[in-house]
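>
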Amino acid sequence: MEPDTSHSAADPDYMEMIGTCAVCGYVGLGDEHDICLVCGWHDDHVQRRYPDSTGANRDVTLRQAQINWKSIGMSAPYKKDLMRARGTNWKFELNPNWRPLTGP
Ligand SMILES: [Zn+2]
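Quick note on numbering: the numbering used here labels position 53 of the sequence shown as 222, and the sequence is numbered without any gaps.
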């Protein structure tokens, strides 16, 4: 039988990773609505569950935020000031179970 290539690997379940930023994978978030100090993402459990939805991050979806993180090092361009405030004196660990969404 031919392997089924019509589906990519399942997307990760970010609801199982509360405390880990769904955008960048770093550990250190508290309750919902915490701001990730690494990428600036505003933790939103609806967006965790539905990565194509908008919510606490203006018009930026989780999927788009992951693309932004990869290309510009923050979850959205409008987070720039926050990222500047972050400075360089931060250290977080990456959740080894985190991985980005598999595709559009
Ligand atoms: Zn983050």
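Virtual Cβ for every residue (Gly too), placed ideally from N, Cα, C.
In terms of residue numbering, what span does the alpha helix (DSSP H) encompassing Arg217 cover?
Position 48 of the sequence shown, counted from the start, is the residue given in the question as residue 217. It spans 214–218 - the alpha helix (DSSP H) in which Arg217 sits, taken as one unbroken run.
> Alpha carbon to alpha carbon, what distance is there between Asp203 and Asn264?
Walking along the sequence shown from the start, residue 264 turns up at place 95. Walking along the sequence shown from the start, residue 203 turns up at place 34. So the two alpha carbons sit approximately 17 angstroms from each other.
> Is Trp267 close to ligand 1? I mean its beta-carbon at under 6 angstroms from any heavy atom of the ligand.
Counting from 1 along the sequence shown, the entry for residue 267 is found at position 98. Outside the cutoff, so no.
> Is it true that the CB of Val207 sits closer than 7 angstroms to the CB of Phe261?
In the sequence shown, the residue the question calls residue 261 occupies position 92. In the sequence shown, the residue the question calls residue 207 occupies position 38. Their beta carbons are under 7 angstroms apart, which means Phe261 touches Val207 by this criterion.
> Out of Leu251, Asp180, Asp221, which has the shortest C-alpha to C-alpha gap to Trp210?
As a first step, residue 210 is located in the sequence shown; it is residue number 41 there, counting from the start. Here the closest residue by C-alpha is Leu251.
> According to DSSP, which residues form a beta bridge with Gly224?
Counting from 1 along the sequence shown, the entry for residue 224 is found at position 55. BP columns for Gly224 point to Arg227.
> Starting from Thr189, follow its DSSP beta bridges and name the residues at the other end.
Taking the sequence shown and counting its residues from 1, one reaches residue 189 at position 20. Beta-bridge pairing links Thr189 to Val196.
> Does the beta-carbon of Ser175 have 16 or more other beta-carbons within 10 angstroms, so that it is buried, or is it exposed?
Counting from 1 along the sequence shown, the entry for residue 175 is found at position 6. Here Ser175 scores only 48 on pLDDT, less than 50, and its place in the model is too uncertain to base an answer on.
> In whole angstroms, what separates the C-alpha of Asp200 from that of Met184?
For the purposes of this step, residue 200 is taken as the residue at position 31 of the sequence shown. For the purposes of this step, residue 184 is taken as the residue at position 15 of the sequence shown. The straight-line gap from Cα to Cα measures roughly 12 angstroms.
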